[in-house]
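Residue numbers (the working numbering): 4 to 132. Working notes, beginning with the structure itself.
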RNA sequence: CUACAAACCCGAGCUAUCGUUCUCCCGGCUUAGCCGGGGGGAAGGAAAGUCCGGACAGCGCAGAGCAACCUACCGGUUAAGCGCCGGCCUCUUGUGAAAACAAGGGAGAGAAAGUGCCACAGAAAAUAACUACCCCAAGCAAUUGGGGAAAAGGUGAAAAUGUGAGGUAAAAGCUCACGGUAAUCUGCAGUAAUGCCGGUUAUGGGUAAACCUUGGGUGCUGUAAUGCCACGUAUAGGAUUGUUUGAGGGCGGCUCGCCCGAGAUCCAGGGUAGGCAGCAAGAUCACGUUAGUAAUAACGGGGCCAGAUAAAUGAUAGUUUAGAAACAGAAUCCGGCUUAUGAGGUUUGUGGUUUU
RNA sequence: GGACCGGUAGCUCAGCUGGAUAGAGCACAAACCUUCUAAGUUUGGGGUCAUUGGUUCGAAUCCAAUCCGGUUCA
């Protein structure tokens, strides 16, 4: 697959079953204000790394705010995902990842990009464990 | 010219790079799909609150009674409405000597069917007699008893239709005159609410956003409805109950009636949580003409304008308006109402200032 | 997406149905008791009854709209 910055339907984590498993059995760490859930998957998927994003409706009542945070999360993942994807692919693994925003204020794009880079780096370190 | 208020309009444009979703065309492949290239569409005026009303679907194309809920001046408008338009009555404010005019508000049927409630104060708060007044009786007298009488009495949100005259023992709509209010009848104007003139009757405090009465209306549930396809498990276990002496059901609260009827309820455990239709051409949008005071309707030719499913419009940089736009994100679809909202524009009203 | 409930003192609640004093417990403050503290006793302060409007003589209570918080169905 070509190394692009895409983030289309295939790369999204959509299955309700997979999400339940991820939250129940997956591991997690947080790089404030983002909490990362991740889990290696055994069954084959149509893309090696599937990613979802989310915000709590409790912290952000307005739908526009939630939409914006999700967009920013997606954007920062999309632009920084390359090395993780390459690593996972060379190791012949499959992964499900979920980014949950746990802050209580609207983030700046620059800050969120930094945090996302840090989170992805840590994911790469933890990939074998 | 400026400040404030109200109503309406508008709700951002362009360029570059990287991306999302739907769709059409072309090409390729290992052809229910995927990949590559190209074209096109892609949130709102409120998408919101869920406060009303429909469309559509299912429930037996739901039968009777009660209950419950909604609604309430009149006419028009609409698919429909607690919306909108026009009118009537009424209240408040302003101007005015008044008539009236202007602006704004009105859950605007019935208190003369019945029941309830009306604190404190006050004689009394609704079949009014405490004081004072008048008459009769008793008593030397103070006074006591019986009756008449709503004309006077601090109060109170509210006190029994106002003024004047007659009348009387004292009084009283008891009678009369001029009024007020309510009901009703004739006539006139108006489709009607209602208004005006005249007559009759009454003079009964308020409260129906207290119960209630009257007129009108409502079957219920909602697109996660509903129809279908695919996949999977346990045709297993325990308890209670029932099979014509009828469990249970027919998605509304109760009763009745009708129909179906061999399973029903609970416990523990197991499985699935995918796809297609519904689902995007319609009470549609903008324009024009005609009818109408208006809401709105009819006609004409023209346009096609989101369709996702952990859920699509973004990020970065520059630039323009005007200041790195405010409120804010479709989820079955429409018509309203309500609320939030940046800058600018238009109109109307009020105040101030300057010039003539 | 639909349905429903609530908002009263710093906290937990009553009062609302049925209209006229805003109250209870805990907490807080002061005094008494004690060598001191706790406990106990007595006293006190503290409320735009979520907001706005309406009905009424009078509204925490009735009605309407709005804001905020919560529950529930599939």
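Beta carbons are placed, not taken as given, at the ideal position from N, Cα and C, and that holds for glycine.
- Contact between residue 85 and residue 127 does not hold, since their C-beta atoms are separated by about 11 Å, which reaches or exceeds 8 Å.
- When DSSP states are grouped into helix, strand and coil, residue 18 belongs to the coil group.
- Following the DSSP letters along the chain, one finds residue 33 inside the beta strand (DSSP E) bounded by residues 30-34.
- Beta-bridge partners of residue 65 (DSSP): none assigned.
- Given a length threshold of 3 residues, each whole run of the beta strand (DSSP E) inside the region 63-104 is given here in chain order: 98-104.
- In summary, residue 53 is buried, with 16 or more beta-carbon neighbours lying within 10 Å of its beta-carbon over all protein chains present.
- Membership of residue 42 in the beta strand (DSSP E) is indicated by the continuous run 37-43.
- Annotated three-state conformation of residue 107 is coil, per DSSP.
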